[in-house]
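Enquirer: Sending over a structure as structure tokens; questions will come in a sec.
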Amino acid sequence: MKIYVFGTRGFPNIQGGVEKHCEELYTSMPSIYDITIFRRKPFINSDKTYKNIHFIDLPTVRTKGIEALLHSFLCVLYCIGKRPNIIHVHNIGPGLFIPLLKIVGLKVVLTYHSPNYEHDKWSYLAKKGLKVCEYIAIKGADKIIFVNKLQLQKFNPSIQAKSYYIPNGIKEKREIKDISFISSLGLSPFQYILTVGRITPEKGFDYLIKAYNLMHNKSDKLVIAGGCDHTSAYAKQLIAEARKSQVVLAGYMNEDQLNHLYTYARLFVLPSFNEGYPIVLVEAINYQKPILASNIEANRSIGLAKDQYFKVGSVSDLKDKIENELNKEYKDITYNINIPTWKEIANLVAEIYSNIAP
Numbered sequence: 001m002k003i004y005v006f007g008t009r010g011f012p013n014i015q016g017g018v019e020k021h022c023e024e025l026y027t028s029m030p031s032i033y034d035i036t037i038f039r040r041k042p043f044i045n046s047d048k049t050y051k052n053i054h055f056i057d058l059p060t061v062r063t064k065g066i067e068a069l070l071h072s073f074l075c076v077l078y079c080i081g082k083r084p085n086i087i088h089v090h091n092i093g094p095g096l097f098i099p100l101l102k103i104v105g106l107k108v109v110l111t112y113h114s115p116n117y118e119h120d121k122w123s124y125l126a127k128k129g130l131k132v133c134e135y136i137a138i139k140g141a142d143k144i145i146f147v148n149k150l151q152l153q154k155f156n157p158s159i160q161a162k163s164y165y166i167p168n169g170i171k172e173k174r175e176i177k178d179i180s181f182i183s184s185l186g187l188s189p190f191q192y193i194l195t196v197g198r199i200t201p202e203k204g205f206d207y208l209i210k211a212y213n214l215m216h217n218k219s220d221k222l223v224i225a226g227g228c229d230h231t232s233a234y235a236k237q238l239i240a241e242a243r244k245s246q247v248v249l250a251g252y253m254n255e256d257q258l259n260h261l262y263t264y265a266r267l268f269v270l271p272s273f274n275e276g277y278p279i280v281l282v283e284a285i286n287y288q289k290p291i292l293a294s295n296i297e298a299n300r301s302i303g304l305a306k307d308q309y310f311k312v313g314s315v316s317d318l319k320d321k322i323e324n325e326l327n328k329e330y331k332d333i334t335y336n337i338n339i340p341t342w343k344e345i346a347n348l349v350a351e352i353y354s355n356i357a358p
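Numbering follows the UniProt record's numbering, in which position 234 of the sequence shown is assigned residue number 234; successive positions increment by one, without gaps.
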């Protein structure tokens, strides 16, 4: 069965929650599926195949608001010509073109990762446009996968009837004994606070830095592991603030590098204003790290203890919670949270594929 996928920049070694989701999902799928991922050329520096996944690299521009739409339109034209058994679209923006696929009789699965129009990086008009994309995508898809149950529950019964809740999965952690990588960043084991994500307003790194700067004892460094996709005033200001403080801007980290950072972190903090399903939070749980997370719906749905959440956007609350955590003796935490493996997730997605294209 041929599956074509678009709505992601691609993988491997491309930062982003959707990119991580796609890499783990499609490399875990049963071997009966012939999977092709459409990648965006400006972000690609790897081979045309990876773990039995085929890639088609199509052009686009690295311009916010145009990048995904242009690439998705080209993907749709390619799909119409090749006519795979199923087309799997990720995110509501690329979902704008689902009606074109349906007109020619193709089967479409949509994964709804997050309501992107809630992200501060978008202008008023862009947010309205994304709402239109959401309406068209949700209405047109044959089946919809929601990674966040709360988002699924917001839609009417007719949408819920063709939808499934399938969260992001968890990957077996690697045992790391070597500290040479973190040492190269000027870090010592269990003497740094870690946060992971793209440098964008919705990730909340700006108020995390403010909270850190207000702490009385900054013997533990703050590490931000993530890059900046599009140059923006926000990113420039955050980078400038970080450089004035004892903040390590590690940049984009690949999977192996992140494994090292998670392993030796003293504390993991996720200050996001918006999340679909927070993969990095799941990864921190997997590494048994002490965790603090903003009290947004997506983070609360993971099921951490009440005292592990802080008021989103509150510098003072976050500062107090971090100091309280760092005053404790460090120890790994065993979380009683049921998170499926990526293999289990892949089998659930395979069932959906079988239902619409037997």
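Backbone N, C-alpha and C fix where the C-beta goes; we use that ideal spot for every residue, glycine too.
May I have the straight-line CA-CA distance separating N355 from P30, to the nearest angstrom?
Expert: Translated into positions along the sequence shown, residue 355 becomes position 355. Translated into positions along the sequence shown, residue 30 becomes position 30. Roughly 15 Å separates the two Cα atoms.
Enquirer: Give me, in chain order, the residues of the same chain whose beta-carbon lies closer than 6 Å to that of L187; leave out the 5 immediate sequence neighbours on both sides.
Expert: Within the sequence shown, residue 187 is the residue found at index 187, counting from 1. Excluding residues within five positions, none has a Cβ falling inside 6 Å.
Enquirer: If the criterion is Cβ atoms closer than 8 Å, does the pair I193 and R266 meet it?
Expert: Translated into the one-based positions of the sequence shown, residue 193 becomes position 193. Translated into the one-based positions of the sequence shown, residue 266 becomes position 266. Going by C-beta atoms, I193 is nearer than 8 Å to R266.
Enquirer: By DSSP, does R300 sit in helix, in strand, or in coil?
Expert: Position 300 of the sequence shown holds residue 300. Three-state result, R300: helix.
Enquirer: Please classify G140 as buried or exposed, where buried requires at least 16 other C-beta atoms within 10 Å of its C-beta.
Expert: Here residue 140 is taken as the residue at index 140 of the sequence shown, counted from 1. Label assigned to G140: buried.
Enquirer: Compare the Cα-Cα distances from D220 to each of K210, L214, D229, F190 and report the closest residue.
Expert: Position 220 of the sequence shown, counted from the first residue, corresponds to residue 220. It is F190.
Enquirer: Measure the beta-carbon distance from G313 to F273 and round it to whole angstroms, keeping in mind my assumption that it falls under 8 Å.
Expert: To locate residue 313, count along the sequence shown from 1; it is residue 313. To locate residue 273, count along the sequence shown from 1; it is residue 273. About 7 Å separates the beta carbons of G313 and F273, which is inside the 8 Å limit, making them a contact pair.
Enquirer: Establish whether the CB of I179 and some CB of chain B are separated by less than 8 Å.
Expert: Structure shown: chain B not included; a single protein chain is present.
Enquirer: Where does the unbroken beta strand (DSSP E) through H320 begin, and where does it stop?
Expert: For this step, residue 320 is matched to residue 320 along the sequence shown. According to the sequence provided, residue 320 is Asp. The question's His does not apply to it. It is not in any beta strand (DSSP E) - D320 instead sits in the alpha helix (DSSP H) that spans 315 to 326.
Enquirer: Using 8 Å as the cut-off, can you tell me whether the stretch 88 to 95 makes contact with the stretch 1 to 21, which would need three or more C-beta pairs spanning the two stretches below that distance?
Expert: In this structure the stretch 88 to 95 lies against the stretch 1 to 21, because at least three pairs of beta carbons, one per stretch, are closer than 8 Å.
Enquirer: What residue ranges within the stretch 109 to 151 form continuous alpha helix (DSSP H) runs of no fewer than 4 residues, ordered along the chain?
Expert: 124 to 140
Enquirer: Can you confirm whether the stretch 204 to 218 touches the stretch 234 to 243 when touching is taken to mean that 3 or more C-beta pairs between the two stretches lie within less than 8 Å?
Expert: Three or more Cβ pairs closer than 8 Å define a contact, and the stretch 234 to 243 meets that threshold against the stretch 204 to 218.
Enquirer: Using only CA atoms, which one of F43, A293, L96 lies nearest to L130?
Expert: Counting from one through the sequence shown, the residue named residue 130 turns up at place 130. The shortest C-alpha separation from L130 is found at L96.
Enquirer: Ignore the nearest five residues each way along the sequence and tell me which others in K121's own chain have a CB closer than 8 Å to its CB.
Expert: Indexing the sequence shown from 1 puts residue 121 at position 121. Only residues of its own chain outside the window of five on either side were considered, and among them K64, T200, P201, E202, S232, Y234 have a CB closer than 8 Å to the CB of K121, listed in chain order.
Enquirer: According to DSSP, which residues form a beta bridge with T195?
Expert: Translated into positions along the sequence shown, residue 195 becomes position 195. BP columns for T195 point to I224.
Enquirer: Are at least three pairs of beta-carbons, each pair with one atom in the stretch 249 to 257 and one in the stretch 213 to 229, less than 8 Å apart?
Expert: yes
Enquirer: Would I170 and T263 qualify as a contact pair, given that the criterion is a beta-carbon distance under 8 Å?
Expert: For the purposes of this step, residue 170 is taken as residue 170 along the sequence shown, with counting starting at 1. For the purposes of this step, residue 263 is taken as residue 263 along the sequence shown, with counting starting at 1. No. Outside cutoff.
Enquirer: Measuring CA to CA, which of P59, T27, Y26 is closest to P42?
Expert: Stepping through the sequence shown from its first residue, residue 42 is reached at position 42. When only C-alpha atoms are compared, the closest one is P59.
Enquirer: How about D142 and V108: are their beta carbons less than 8 Å apart?
Expert: In the sequence shown, residue 142 corresponds to position 142, counting from 1. In the sequence shown, residue 108 corresponds to position 108, counting from 1. Yes. Within cutoff.
Enquirer: Specify, as a first and last residue, the run of the alpha helix (DSSP H) that D206 falls within.
Expert: The residue you call residue 206 lines up with position 206 of the sequence shown. DSSP places D206 in the uninterrupted alpha helix (DSSP H) bounded by 205 to 214.
Enquirer: Given a threshold of 16 other Cβ atoms within 10 Å of its Cβ, counted over all protein chains shown, does T111 qualify as buried or as exposed?
Expert: Within the sequence shown, numbered from 1, the residue matching residue 111 stands at position 111. Result: buried.
Enquirer: Of the choices P94, Y26, K311, whose alpha-carbon is the least far from that of residue 364?
Expert: Lying before the first or after the last residue shown, residue 364 is absent from the chain, which here runs from 1 to 358.
Enquirer: S188 lies in the alpha helix (DSSP H); which residues open and close that run?
Expert: Residue mapping note: residue 188 aligns to position 188 of the sequence shown, counting from 1. Counting along the chain, S188 falls outside any alpha helix (DSSP H), and DSSP gives it neither H nor E.
Enquirer: Does the count of Cβ pairs from the stretch 297 to 310 and the stretch 33 to 53 closer than 8 Å reach three?
Expert: no
Enquirer: With respect to the alpha helix (DSSP H) encompassing S163, which residues constitute its N-terminal and C-terminal limits?
Expert: By one-based count along the sequence shown, residue 163 stands at place 163. Note, S163: premise wrong, no alpha helix (DSSP H); beta strand (DSSP E) at 163 to 165.
Enquirer: So what does DSSP say about V269, is it helix, strand or coil?
Expert: Within the sequence shown, the letter at position 269 stands for residue 269. In this structure, V269 counts as strand in the three-state DSSP scheme.
Enquirer: Looking only at its chain, what residues have a beta carbon closer than 6 Å to the beta carbon of I182, apart from the 5 residues adjacent to it on each side?
Expert: By 1-based counting over the sequence shown, the position of residue 182 is 182. H260, Y264, listed in sequence order.
Enquirer: Quick one: what's got a C-beta closer than 8 Å to L150's C-beta in the same chain, skipping five residues either side?
Expert: Here the question's residue 150 lines up with position 150 in the sequence shown. Counting only Cβ-Cβ distances below 8 Å, and skipping sequence neighbours, we find E297, A298, S301.
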